[in-house]
Amino acid sequence: MDHFIFFSSLLLLLALLLGSGVWIGFSLIGVAVFAIEFFAHRAAGPPIALTMWSSSSSWMLSSLPMFIWKGNILFRTKLSEDLFKGLAPLLGRLPGGLLHTSVLGCTLFGAVSGSSVATLTTVAQMTLPELKKRNYPEHMIIGTLAGPATLGLMIPPSIMMVVYGAMTNESIAAVSIAGIIPAIILSAMFTVYVVISCSLSKDFNPAQEPKTDWREKLYASRHLVPVVLLIAMVLATMFFGLATATEAAALGVAGALGLAWWQGTLTWQTFIDSLMGAVRTSAMIALVLLAGSALSLAMGYTELPKMLADWVATLNLSPFGLLMMLLLLYTILGGFLDGISCIVLTLPMIEPMLRAAGIDMVWFGIFIVLVVEKAQITPPIGFNLFVLQSMTGHNIFKIAAWSFPMYLIMLAMVFVIIAFPGLATWLPHHMMHRISG
Amino acid sequence: MALLPNRLYPELTKIWSRFDRLYLYCGYLSAFFLVCIFAATLLQIVGRLIGYNPHGLTDYVGYFMAASAFLAMAHALNRGAHVRLELFLAMMGRFRIVAEWFAFAATTAIAVWLTYYAWAQVYWSFELGDISQGLDATPMWIPQSAMAVGVTILAICVADHSLRLVLTGHHQVGTPSASL
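Keeping their order, the protein sequence lines are chains A and B. Those letters in the first sequence? Residues 0 to 436, per numbering that gives the first Met the number 0, in order. Those letters in the second sequence? Residues 0 to 179, per numbering that gives the first Met the number 0, in order.
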């Protein structure tokens with residue numbers, strides 16, 4: 000009974016703080032203080048300060064601001080223009096036409112940027128006007144941007160996976176590499192959807208792209224060389240164990256700066272802008288993450304996660320049943336919170352439960368990213384919806400409805416990786432470990 | 000709900016812009032530490048290639064990381080980069096201001112509480128002569144001060160914005176779209 004009162008008072012406090020608009024990071028710290036002082040009956044100040052210090056002064060975590068910075072630099076280059084120029088001749092004549100440039104553009108840009116919002120903004124600023132000009136149906140243009148942009152969170156580098164790795168002490172490189180195959184499959188599923196729905200739809204008759212022969216196609220694809228090099232540099236060094244995630248991130252920044260310099264878009268102003276944008280985003284994520292570490296500590300003191308794990312054990316759920324429960328939980332939470340907050344808020348509670356159920360934590364990283372990714376395109380709170388709202392002026396519920404097929408595809412993907420866990424775990428097991436980390 | 004007479008507004012705006020600049024300068028400092036992280040990591044890669052291993056470099060990268068993260072927090076808050084849930088606030092209509100008052104007051108209380116303990120940590124590290132356990136052997140109070148300074152500026156920023164909320168009747172935290 001005591002536990003019940005304890006647990007519900009914590010949830011009540013959390014709901015009160017979050018609901019009244021207290022910043023998410025501060026809400027989590029408030030709950031942590033409350034739990035330690037009143038239920039563990041210990042002084043909360045010194046251990047919380049210490050845990051926030053030691054989580055922030057972590058060498059592993061330093062890949063986070065660098066991946067963000069890299070995305071910010073590339074956002075200010077002509078990379079999105081290059082992507083479109085390179086992809087359009089290759090894909091323009093397929094059924095679905097230039098919609099494929101959105102899907103594949105998001106996939107490729109997701110592999111150089113770690114965030115869904117950055118991916119969406121970069122790709123959309125190019126494809127939105129071009130596709131509108133060619134009379135593509137609005138609902139398809141928007142749907143094929145909102146859904147595939149979430150691949151930015153799935154394909155390494157991914158800010159979300161850095162956060163997940165930092166919270167669970169799993170290797171960031173391993174969790175990142177694990178995302179590659181599921182992301183490629185998901186991207187392929189989006190592509191197949193575009194082909195099928197465009198072939199079946201009667202009101203789909205955009206302007207045709209000019210015919211090009213293979214020589215022209217090959218020549219146009221030179222625009223893709225920089226982005227492919229950037230992807231290869233980061234992924235290959237991480238996969239072959241030549242660099243840790245932090246070092247791969249630094250190489251990525253160097254590559255992005257080099258590209259910007261080569262294109263002539265690197266000025267003092269864009270350099271400072273990219274840097275300041277990066278520190279703002281990093282500080283935002285760091286506050287949530289460090290508050291999450293305080294919450295984690297508080298949960299450890301109160302033994303609540305252990306009780307929760309014991310309680311779930313009495314339910315005799317299969318691992319599948321447990322995953323379905325979590326899927327439901329994240330679908331609800333994802334309606335209100337952004338993905339990183341969802342992960343940070345819940346992981347301290349459920350990690351012992353997962354380990355007790357024998358779930359592979361690298362695999363679970365992919366599962367959780369996929370599940371909270373969907374939240375990016377669910378109303379009322381979904382960051383991709385907000386971005387598209389500000390770019391197109393459509394109502395977010397309309398955008399959400401247009402993105403709904405993509406939501407279903409992502410949901411289907413959740414079941415695919417449950418059925419075939421090897422899709423996520425095979426690559427990291429075959430990574431080379433020349434250096435640790 | 001504004002408590003502020005209009006004629007005082009220009010004066011206060013001047014003061015507020017000075018505070019904005021304080022947060023911005025801390026943001027620049029944070030950016031400097033991000034460049035340090037980048038440079039130190041590159042140095043490490045180059046060092047491994049030529050077989051030279053600088054002592055304790057990874058520990059320094061950690062300190063830069065903490066400094067960079069904490070020093071930008073106020074600037075991020077000022078520009079509206081930090082996430083908060085505004086869904087329910089939007090549904091509250093004319094009671095919204097009451098909830099906002101509560102939210103800003105609670106945030107200020109938590110930030111001031113954290114500031115106190117961040118400085119207490121620096122004080123005890125100094126007093127007990129706490130030294131890093133890595134190869135760098137840095138006295139811990141030095142890098143921990145960066146966290147304390149960052150949290151202090153953050154608390155000032157939150158208190159500043161609470162005051163602005165009470166005086167003008169609406170908060171002046173930037174829109175989230177300002178940050179990518």
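Even for Gly, the Cβ is constructed at its ideal location relative to N, Cα and C.
Could you tell me whether the Cβ atoms of residue i and residue j are closer together than 8 angstroms?
i	j	result
A:Y192	A:I408	yes
A:P487	A:L258	Only positions 0 to 436 of chain A appear in the structure, and residue 487 of chain A is not among them; the question remains open.
A:R133	A:L97	yes
A:V122	A:A87	no
B:R83	A:R279	no
A:V174	A:V361	yes
A:A308	A:P347	no
A:G109	A:L223	no
A:S281	A:T50	no
A:G142	B:A119	no
B:W100	B:L164	yes
A:I339	A:V413	no
B:L21	B:L166	no
A:A165	A:M59	yes
A:A356	A:L326	no
Spell out whether any CB of chain A is found under 8 angstroms from the CB atom of residue i.
i	result
B:Y122	no
B:S67	yes
B:Y116	yes
B:H74	yes
B:H169	no
B:L162	no
B:Q43	yes
B:T57	yes
B:E126	no
B:Q132	no
B:P142	yes
B:A80	yes
B:T40	yes
B:A71	yes
B:Y8	no
Would you mind working out which of the options sits nearest residue i, comparing C-alpha positions?
i	options	result
A:S114	A:Q375, A:R133, A:A308	A:Q375
A:P64	B:C35, B:G92, B:R163, B:R78	B:C35
A:T120	A:E208, A:V227, A:G146, A:H222	A:G146
B:P138	B:L76, B:V172, B:Y62, B:Y8	B:Y62
A:E372	A:A355, A:L12, A:P181	A:P181
B:C156	B:G55, B:A71, B:L7	B:A71
B:A89	A:G109, A:S19, A:P45	A:S19
A:A242	B:A145, B:W112, B:P53, B:T40	B:T40
A:V227	A:P378, A:V111, A:S340, A:S54	A:V111
A:F239	A:L286, A:A172, A:Q268	A:A172
A:M139	A:S200, A:L327, A:I349, A:I284	A:S200
B:S124	B:Y51, B:L48, B:A147	B:A147
A:V116	A:S61, A:L27, A:M153	A:M153
Can you give me the start and stop residues for the alpha helix (DSSP H) that residue i sits inside?
i	result
A:F335	Neither: A:F335 is in no alpha helix (DSSP H) and is coded neither H nor E.
A:L168	Checking the displayed sequence, the identity of residue 168 of chain A turns out to be Asn instead of Leu. Per DSSP, A:N168 belongs to no alpha helix (DSSP H) and is neither H nor E.
A:S281	267-301
A:P225	224-238
A:I4	1-18
B:D159	140-167
A:W425	421-428
A:P94	Element bounds for A:P94: n/a, residue is neither H nor E.
A:T50	44-55
A:P378	Element bounds for A:P378: n/a, residue is neither H nor E.
A:K397	395-418
Just checking: is the beta-carbon of residue i within a distance shorter than 8 angstroms of some beta-carbon in chain B?
i	result
A:I367	no
A:L60	yes
A:P420	no
A:I23	yes
A:S435	Low local confidence applies: a pLDDT of 46 at A:S435 is under 50, so the model's placement there is unreliable, with the coordinate-based value given in what follows. It does not; no Cβ of chain B falls within 8 angstroms.
A:H245	A quick correction: the sequence has Thr, not His, at residue 245 of chain A. At least one chain B Cβ lies under 8 angstroms of A:T245.
A:I47	yes
A:S19	yes
A:M275	yes
A:I28	yes
A:S8	no
A:T280	yes
Just to check, is the beta-carbon of residue i closer than 7 angstroms to a non-hydrogen atom of the ligand MN?
i	result
A:F25	Among the components modelled here there is no ligand, and therefore nothing to report on the ligand MN.
- Task: At 4 residues or longer, and completely inside the stretch 102-166 of chain A: list those alpha helix (DSSP H) runs for me, N to C.
- Result: 115-132, 137-148, 150-153
- Item | Completely contained alpha helix (DSSP H) runs for the stretch 29-114 of chain B, where each covers 4 or more residues | 56-70, 72-77, 86-90
- Let me know the alpha helix (DSSP H) ranges lying completely inside the stretch 182-224 of chain A, each 4 residues or longer, listed in chain order. 213-219
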